[in-house]
Amino acid sequence: MHAPQRTFTPRQLRRYDGKHGRAAYVACNGIVYDVSRSYHWQTGIHWVQHRAGCDLTAEMTHAPHGSDLLERFPRVGVLIPKTHRTDTARRSNTSD
Amino acid sequence: MAKVAREMVEKAGVNVDQLLELLVKNASAELTTYYYYTILRANLIGLEGEGLKEIAEAARIEDRNHFEALMPRIYELGGKLPDSMVDFHNISACPPAKLPANPSDIRAMLTVLVEAERCAVRGYTHICNLTAGKDHRTYDLALAILNEEVEHESWFSEFLGEGPSGHFMRRGETSPFVGKFLR
Ligand code: HEM
Ligand code: HEM
Ligand SMILES: [Fe+2]
Ligand SMILES: [Fe+2]
Numbered sequence: 001m002h003a004p005q006r007t008f009t010p011r012q013l014r015r016y017d018g019k020h021g022r023a024a025y026v027a028c029n030g031i032v033y034d035v036s037r038s039y040h041w042q043t044g045i046h047w048v049q050h051r052a053g054c055d056l057t058a059e060m061t062h063a064p065h066g067s068d069l070l071e072r073f074p075r076v077g078v079l080i081p082k083t084h085r086t087d088t089a090r091r092s093n094t095s096d
Numbered sequence: 001m002a003k004v005a006r007e008m009v010e011k012a013g014v015n016v017d018q019l020l021e022l023l024v025k026n027a028s029a030e031l032t033t034y035y036y037y038t039i040l041r042a043n044l045i046g047l048e049g050e051g052l053k054e055i056a057e058a059a060r061i062e063d064r065n066h067f068e069a070l071m072p073r074i075y076e077l078g079g080k081l082p083d084s085m086v087d088f089h090n091i092s093a094c095p096p097a098k099l100p101a102n103p104s105d106i107r108a109m110l111t112v113l114v115e116a117e118r119c120a121v122r123g124y125t126h127i128c129n130l131t132a133g134k135d136h137r138t139y140d141l142a143l144a145i146l147n148e149e150v151e152h153e154s155w156f157s158e159f160l161g162e163g164p165s166g167h168f169m170r171r172g173e174t175s176p177f178v179g180k181f182l183r
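Going down the list, the sequences are from chains X and B. Going by the working numbering, the first residue of the first sequence is number 1, and it counts up by one from there. Going by the working numbering, the first residue of the second sequence is number 1, and it counts up by one from there.
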């Protein structure tokens, strides 16, 4: 709202897969959340099927819970709709 | 492994390896909950705690029954429990129902209990969804467990001031739904 929003392309989001000590980020309805500290997202895997580093908006429809559970976790940015071509131009804000 | 039993589930289009992973993780959630509830129940003392002790005990025994009922289905489908109980503990589908720092804080105790049950209700609903109309036996088992988890949630939620749940505490034998899988 105040500071400029950090943006992620789908490819940039992929880096935050929760593996090997990397942070676990998931996107839902255009927002990127940091679920690293969740018991339910250890090693970036959620209930066998789901992987951190992905946009899981569609998967949420089949979940036995709503997207409100994501609000327990920090919002770290917004997901920009997929654009293969402009990915490299946006690399500058992947630093962490 | 019960070869044809597994083949039927595969043919119906269920990813059996994924299903087995879910069943093992939920079996772990049951047995670990049985353990953690033992400690919770022991600490439900005094004027407020005593009223919950009996209910926590019924939920504890039924969760152990859920573990017992899941185990045969895991092996029938060609799965197995981990060799190490430490590994088994650590893959639980739901977080440990740990004793709160202040066990005389009855609200904190209830929150741990109700959250464990809610995780279970969501988990078995998911397993029912995955198996409905496809893997009849796992569905029947997951539904039986779900029926008991919904009652567990109801018992504890009433104490949190969430209104009446319509349920009475367990009377007679434990596991009225899962019992048929335990014989
Ligand atoms: C088949 C799909 C899914 C299943 C079976 C599933 C299952 C669960 C269960 C059982 C819980 C525990 C809830 C509780 O304790 O009451 C949970 C929590 C959660 N789930 Fe899912 N989920 C699914 C899909 C998703 C998706 C697609 C997302 C993200 C986009 C997601 C994000 C979360 C979050 C953030 C939590 C809260 C974790 C915490 O509080 O530590 N889930 N899920
Ligand atoms: C071995 C597995 C995988 C391989 C080999 C693979 C390969 C690729 C390739 C070659 C691209 C195109 C890269 C480019 O345009 O420069 C891509 C894009 C992408 N992949 Fe994967 N991928 C894999 C798994 C996954 C998984 C599991 C996910 C989801 C969690 C995923 C999500 C994406 C996304 C979101 C993009 C960008 C798509 C777009 O912007 O349209 N990938 N992947
Ligand atoms: Fe249970
Ligand atoms: Fe339970």
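Virtual Cβ for every residue (Gly too), placed ideally from N, Cα, C.
For Gly77 of chain X, the uninterrupted beta strand (DSSP E) run begins and ends at 75-79, by DSSP.
For Glu21 of chain B, the C-beta contacts it makes with chain X under 8 Å involve Val48, in order along the chain. Counting C-beta pairs with one atom in each stretch, the stretch 39-58 of chain B and the stretch 98-106 of chain B have three or more that are closer than 8 Å, which means they touch. For the 7 Å CB-CB criterion, Cys28 of chain X and Thr9 of chain X do not form a contact. Between the alpha carbons of Met1 of chain B and Gly166 of chain B lies a gap of roughly 42 Å. Residues of the stretch 10-24 of chain X that bring their beta carbon within less than 9 Å of a beta carbon in chain B are absent altogether. Cβ-Cβ separation between Ala56 of chain B and Leu113 of chain B: approximately 7 Å, consistent with a contact (criterion under 8 Å).
For the stretch 105-126 of chain B, the beta-carbon criterion of a distance under 7 Å to any beta-carbon of chain X is satisfied by Arg122, Thr125, His126. Setting aside the 5 residues that flank it on each side, Gly78 of chain B is surrounded in the same chain by Met1, Arg6, each with a C-beta closer than 6 Å to its C-beta; the list follows chain order. For His46 of chain X, the three-state secondary structure derived from DSSP is strand. For Ala144 of chain B and Tyr124 of chain B, the gap between their C-alpha atoms comes out near 9 Å.
Your pair Asp17 of chain X and Gly44 of chain X checks out as a contact, with CB atoms roughly 5 Å apart and the cut at 8 Å. Between Arg64 of chain B and Tyr36 of chain B, the CB-CB gap reaches or exceeds 7 Å.
Residue environment for Val86 of chain B: exposed (fewer than 16 other C-beta atoms within 10 angstroms of its C-beta). Phe8 of chain X is bridged by DSSP to X:Leu79. Nearest CB-CB separation between Pro95 of chain B and chain X: below the 7 Å threshold. Checking the 6 Å criterion, the Cβ of Ser154 of chain B is out of range of every heavy atom belonging to ligand 1.
Per DSSP, Cys28 of chain X is not a residue of any alpha helix (DSSP H); the beta strand (DSSP E) it occupies stretches across 25-28.
At least 7 Å separates the CB of Pro4 of chain X from every CB of chain B. Only residues of its own chain outside the window of five on either side were considered, and among them Leu56, Glu59 have a CB closer than 7 Å to the CB of His50 of chain X, listed in chain order.
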